[in-house]
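These protein sequence lines map, in sequence, to chains D and X. Going by this note's numbering, the letters in the first sequence line up with residues 1 to 319, in that order. Going by this note's numbering, the letters in the second sequence line up with residues 320 to 709, in that order. In what follows, a structure is listed as C-alpha cells, so that the remarks can point back to it.
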Amino acid sequence: MLRDIDLSGYKKITAKNMPKESLVASGHRACQGCVEVLAMGMVTKVAGPNTVVVNATGCMEIITSPYPQTAWKCPWIHVAFENASAVASGIESGLKALRRKGKIGDNPNVIAFGGDGSTFDIGFQSLSGALERGHNFLYCCLDNEAYMNTGVQRSSATPYGASTTTSPAGRESIGQQTQKKNMPLICAAHNIPYVATANPAYHLDLMNKVQKALAVDGPAYIHIYAVCPTGWGIKGETGIEIAKLATETNSFPLYEVVGGRFNFTKQIKKPKPILDYLKPQRRFRHLTEKDVAYIQKQVDADYDYLERLVRATNDAPAE
Amino acid sequence: MLKRVGIEVSLAVAEAVRLARADVISAYPITPQTHIVEELSHYVANGELDAEFIPVESEHSAMSAAVGSAAAGARTYTATSSQGLALMHEILFIASAMRLPIVMTVANRSLSGPISIWNDHSDIMAERDIGWVQLFVEDGQEALELSMAAFKIAEDHRVLLPTIINMDGFILTHMIEPIEFPDQKTVDAFLPPFEPAMRLDPAHPVSMGPVGVPEVYLEAKKQCEQALLDSKPVVKEVLDELNELFGRDYDLVQTNGKDGAETRFVTMGSLGESVYTAVEALNAEGKDVGQTRIRLWRPFPVEEFLAACKGAKRLIVIDRAISPGSVCGPVAQELKSVLYGQPNAPEIVNVICGIGGRDVPIEEFKEIYALAQAGKLEKTYTLWGLNSNA
Ligand SMILES: Cc1ncc(C[n+]2csc(CCOP(=O)(O)OP(=O)(O)O)c2C)c(N)n1
Ligand code: SF4
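Here it is, written out as C-alpha cells:
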C-alpha cells in the first residue's frame with residue numbers, strides 16, 4: 001500500500017545546523033572504535049533531550065549502564081533482550097493516556113535501540129507486534145551482524161561467509177551458510193510510515209533519516225550499519241572506512257521507504273568490487289576467490305532487486 | 320453506596336479495574352482469563368473507561384508493555400493464566416526488581432502437558448519467587464474488592480511492588496454470583512491516583528534497569544526482599560480499611576470452625592469454601608476440627624499463620640499443585656519450613672487434590688479427615704483421587 005506521509009515536522013539537517021549535544025555521555029565502556037555507540041550518539045543528537053530511550057540487552061546496554069554509573073542524559077530503561085519494542089509500546093501508551101488525562105504536558109520521542117540479535121531473532125515477534133499496532137515510536141536496529149555482547153555468535157543478520165564463534169569457518173564450512181535476513185524489507189511490509197537504512201559513515205544522511213522518522217506519526221524503523229571492530233577483526237581506527245566501503249560496494253545501500261515508496265538516498269556511480277570490503281576483515285579472511293565471486297553475484301542481485309522496487313513503487317500512484 | 324447484582328465474577332473484576340481508573344491495560348487472551356480483558360476492551364471501546372488498551376502479540380509482551388507503561392507513570396493492569404503466566408516468567412522478576420506497581424489477575428489454571436484449561440495452582444506455584452505481592456481470593460465479592468485493593472497496596476510508596484490477585488479458573492472466573500458494587504465516589508475516596516516515586520520523565524532523567532555488577536547485585540536483591548517483607552503491614556492496613564468501608568472481615572489469614580481445634584485443614588483459594596462446608600458438618604458431628612485459610616501468600620504471613628493454628632496437633636494441608644521430585648506439595652513445603660523449630664509444631668498431612676480441574680466434592684474432605692485421623696494417609700503426600708497405578 002502506498003500512501004502520503006506528512007513530513008511537515010521535518011527540518012533538513014546540514015553541516016551548519018547539525019545538533020551537537022548527544023544524549024550518550026563520553027566515558028562509556030564501549031571498545032575503542034565502536035561504530036555502534038557512535039551511531040547511537042548520532043541518533044540521540046537529532047532526538048534531543050525530550051526523549052525516552054528503551055535499550056534491549058546487548059553491547060549498548062552493558063557499556064552505558066553499569067551501576068552506579070550511567071552514560072545516559074535522558075530517561076532510559078532496559079528490561080530484557082527480546083522486548084524493547086513491547087516496552088516501548090507500553091511507554092508510548094502510558095504517556096498517551098497520561099497526556100490525554102492532563103497529568104503530563106509534552107510529547108517526548110520514544111526511541112528503542114536493539115542489536116541485530118534482538119531485532120532479527122529473539123525480539124522479532126515483539127518488534128512485529130509493535131509495528132503492527134502502530135505505536136508512535138522509532139526503532140533503531142544497530143546491526144553489527146552478530147551477537148557481540150556474548151562473544152561474536154552468529155545471528156540471522158550475519159552475512160554469508162562470515163566466520164563467527166557459532167558459525168566458524170573450518171575444513172567443512174565456509175562460516176555462516178545462510179543469507180542475511182532482509183529486515184528493512186520485512187519492516188516495510190508492515191506498512192509503517194517510515195523505514196530507512198543508514199550508515200554512520202554518511203552521518204548527515206543518517207541524521208536526516210532520524211529527523212524524518214521522528215516527524216512521522218506512527219512507527220518508524222531505521223536499520224543502522226554498526227561496524228564492530230572487535231567482532232569483525234579490523235583495526236579500531238578503520239571502522240568508518242569499512243562502513244563507507246559497505247555502501248560504496250553496494251553491499252549496504254542507503255535508501256528509505258516513505259509510505260511504501262522506495263527511494264535511494266545515495267547512489268554509487270561506480271561501485272567498488274566487494275573484495276575491497278571483505279579483504280580487511282578477519283571474519284572473511286578464509287574466503288576463496290570463488291566464494292568472493294559468489295558473494296559479488298549476490299550483492300549485484302540484491303541491488304538489482306532494490307532498484308526494481310524503487311522503480312515499481314514510484315511508477316505506481318498512491319492509493 | 321452498594322448495589323447488588325447477579326454477575327459473572329470475571330466481569331466483576333473488569334468492573335473493579337474500571338472503578339480503579341486504570342490508565343493502561345495490556346492483554347493477551349488465554350482461557351479462563353479472557354472474559355476479564357474482553358470486558359475491559361469493551362469499556363474502552365465504548366468510552367466507559369479512559370484508558371489505552373494494548374492488544375499485544377503475546378503474554379511476554381503483555382508483561383513487557385506493562386513494565387513500560389508503569390515506568391511511564393501510568394496505572395497499569397493485565398491478566399493472564401497458565402501458559403501465559405509461564406511465558407511472562409522472565410519479565411515478572413524484572414517488574415518487581417524495578418518496583419513497578421502493576422496489578423495482575425491470575426485466573427489459576429494447570430500447566431501443559433497434557434494441555435488442560437482447568438483449574439489448579441501449578442501456574443502460580445511455579446512463580447513463587449518472583450518478588451510480587453500475591454493474594455488468593457475465595458469468592459466473587461472478594462475478587463472485586465481485592466482487585467481494587469491491589470492497586471492501593473501496589474502503589475503505596477511503602478510498597479511499590481507489582482501485585483497478583485489469584486482466583487481459581489472457571490470455579491470462580493466463570494461463576495455467576497450476587498455481588499455488591501461500590502459507586503465511583505466511594506472507590507475514588509478509597510483509591511487515590513497513582514503517584515509514581517520515579518518515572519521516565521525527560522525533565523528529570525533517570526536510568527532504570529542498569530547492569531548490576533557483583534558489588535551491587537546482592538544489595539539490590541536484599542532491598543527488593545525487604546520491600547516485599549515490609550508490604551505485609553500495608554496489606555493488613557488496606558484490608559482493614561476495606562473492611563471498614565464495605566463491612567467485611569478480610570485478614571491475611573482466616574480461621575473457621577472450632578477454635579483451638581486439634582486438627583485443622585489449611586486451604587488457599589476457592590476450595591476453601593468446600594472445606595469450610597465439610598468442617599461445619601464435621602463440627603456438627605462433634606469432631607474437633609477447624610480450618611485456616613491463607614489469603615496472603617507472598618509475603619508469607621508467618622506470625623499470623625502460627626497464631627491461626629495455635630493449639631493444633633495436626634494440619635491437613637490441601638495443595639493444588641504437584642512439586643515433582645520434592646517431599647510434598649508447595650504449600651506443605653512452605654508450612655514445614657515455617658513450623659520447623661517451633662515448639663509443639665503440629666504434624667503435617669499433605670493432600671494434593673483438584674489437579675487439572677478434578678472435582679473434589681465436600682464428602683471427600685470428610686473422608687480425608689477420617690483417613691488423617693486414622694493415620695492412613697501417606698507420610699509424604701497423598702495424590703488424592705488417583706485412578707490408576709500409573
Ligand atoms: C532471553 C535471553 N537469551 C539470551 C541472552 C544473552 N544475551 C544477551 S545480549 C545477547 C546478544 C546481543 O546481540 P545483539 O542483539 O546483536 O547486540 P550486540 O551486543 O551485538 O550489540 C545475548 C545472546 C539474554 N540476555 N536473554
Ligand atoms: S563488541 Fe563491538 S559493538 Fe560491542 S562495544 Fe565492542 S566494538 Fe562495540
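For every residue, glycine included, the Cβ atom is placed at its ideal position computed from N, Cα and C.
Mapping the DSSP letters down to three states, classify residue i as helix, strand or coil.
| i | result |
| --- | --- |
| D/I13 | coil |
| D/L138 | strand |
| X/T353 | helix |
| X/D520 | strand |
| X/E604 | coil |
| D/F252 | coil |
| X/I326 | strand |
| D/K266 | strand |
| X/A583 | As written in the sequence, residue 583 of chain X is Arg, which differs from the Ala given in the question. Of the three classes helix, strand and coil, the one that applies to X/R583 here is strand, per DSSP. |
| X/P374 | strand |
| D/I234 | coil |
| X/N710 | The shown model of chain X, from 320 to 709, leaves out residue 710 of chain X, and the question about it has no answer. |
| X/L491 | coil |
| X/M423 | strand |
| D/V310 | helix |
| D/R282 | helix |
| D/E208 | A quick correction: the sequence has Asn, not Glu, at residue 208 of chain D. Helix, per DSSP. |
| D/M18 | coil |
| X/S645 | coil |
| D/A220 | strand |
| X/Q573 | strand |
| D/R261 | strand |
| X/G676 | helix |
| X/D638 | strand |
Using a 10 Å radius around the Cβ and a threshold of 16 neighbouring Cβ atoms, would you call residue i buried or exposed?
| i | result |
| --- | --- |
| X/H523 | exposed |
| D/R171 | exposed |
| X/L705 | exposed |
| X/Q545 | exposed |
| D/Q237 | The sequence as given places Glu at residue 237 of chain D; Gln does not occur at that position. So D/E237 counts as exposed. |
| D/N144 | buried |
| X/K541 | exposed |
| X/G609 | buried |
| D/L204 | exposed |
| X/E371 | buried |
| X/A469 | buried |
| X/T701 | buried |
| X/L419 | buried |
| X/L590 | buried |
| X/H476 | exposed |
| X/E563 | exposed |
| X/M467 | buried |
| X/S429 | buried |
| X/T699 | exposed |
Is residue i near ligand 4, with its Cβ less than 7 Å from a heavy atom?
| i | result |
| --- | --- |
| D/F81 | Absent from the structure shown: ligand 4. Ligands present: ligand 1 and ligand 2. |
Taking only beta-carbon atoms, is residue i less than 8 Å away from chain B?
| i | result |
| --- | --- |
| D/Y67 | No chain B is part of this structure, whose protein chains are labelled D and X. |
Interface residues of the region 138 to 154 of chain D facing chain X [CB-CB below 9 Å]: none
task: Report the residue ranges of all beta strand (DSSP E) runs contained in full by the region 114 to 186 of chain D; include only those spanning at least 3 residues, in chain order.
output: 138 to 143
query: Just the residues with CB closer than 7 Å to a heavy atom of ligand 2, in chain order, which are they?
result: D/A30, D/C31, D/G33, D/C34, D/E36, D/V37, D/C59, D/I63, D/N144, D/M148, D/N149, D/A226, D/C228, D/P229, D/T230 and D/G231
message: Quick check for students: name the residue ranges of the alpha helix (DSSP H) that lie wholly in the region 51 to 102 of chain D, counting only runs of 4 or more.
response: 59 to 64 and 84 to 100
- prompt: Given a limit of 7 Å on CB to CB distance, which residues of the region 509 to 526 of chain X reach chain D?
  reply: L519, D520, P521, P524, V525 and S526
field: Continuous alpha helix (DSSP H) assignments of at least 4 residues falling wholly in the region 458 to 482 of chain X
entry: 459 to 474
- prompt: Between the region 381 to 398 of chain X and chain D, which residues of the former have CB atoms less than 9 Å from a CB of the latter, in chain order?
  reply: A381, M382, S383, A384, A385, V386, G387, S388, A389, A390, A391, G392, A393, R394 and T395
- request: With 9 Å as the limit, tell me which residues of the region 362 to 376 of chain X have their beta carbon closer than that to any beta carbon of chain D; keep them in chain order.
  value: D369, A370, E371, F372, I373, P374, V375 and E376
- prompt: Along the region 74 to 86 of chain D, what residues have a CB closer than 7 Å to any CB found in chain X?
  reply: C74, P75, W76, I77, H78, V79, A80, N83 and A86
Chain D contacts from the region 527 to 549 of chain X (Cβ-Cβ distance under 7 Å): M527, G528, P529, V530, G531, V532 and V535
field: Contact set between the region 3 to 30 of chain D and chain X, restricted to residues whose Cβ is under 8 Å from the partner
entry: none
- prompt: What residues in the region 291 to 302 of chain D have a beta carbon less than 9 Å from any beta carbon of chain X?
  reply: none
message: Along the region 648 to 679 of chain X, where does the CB come closer than 9 Å to a CB of chain D? Name the residues.
response: none
The region 402 to 414 of chain X: positions lying closer than 7 Å to chain D by Cβ: E409, I410 and I413
field: the region 327 to 343 of chain X: positions lying closer than 8 Å to chain D by Cβ
entry: D342 and V343
- prompt: Which residues, in order along the region 35 to 46 of chain D, keep a beta-carbon less than 8 Å from a beta-carbon of chain X?
  reply: none
query: Mind listing which residues of the region 456 to 489 of chain X have their C-beta closer than 8 Å to chain D's C-betas, in chain order?
result: none
query: Looking at chain X, which residues of the region 217 to 228 of chain D have a Cβ within less than 7 Å of any of its Cβ atoms?
result: none
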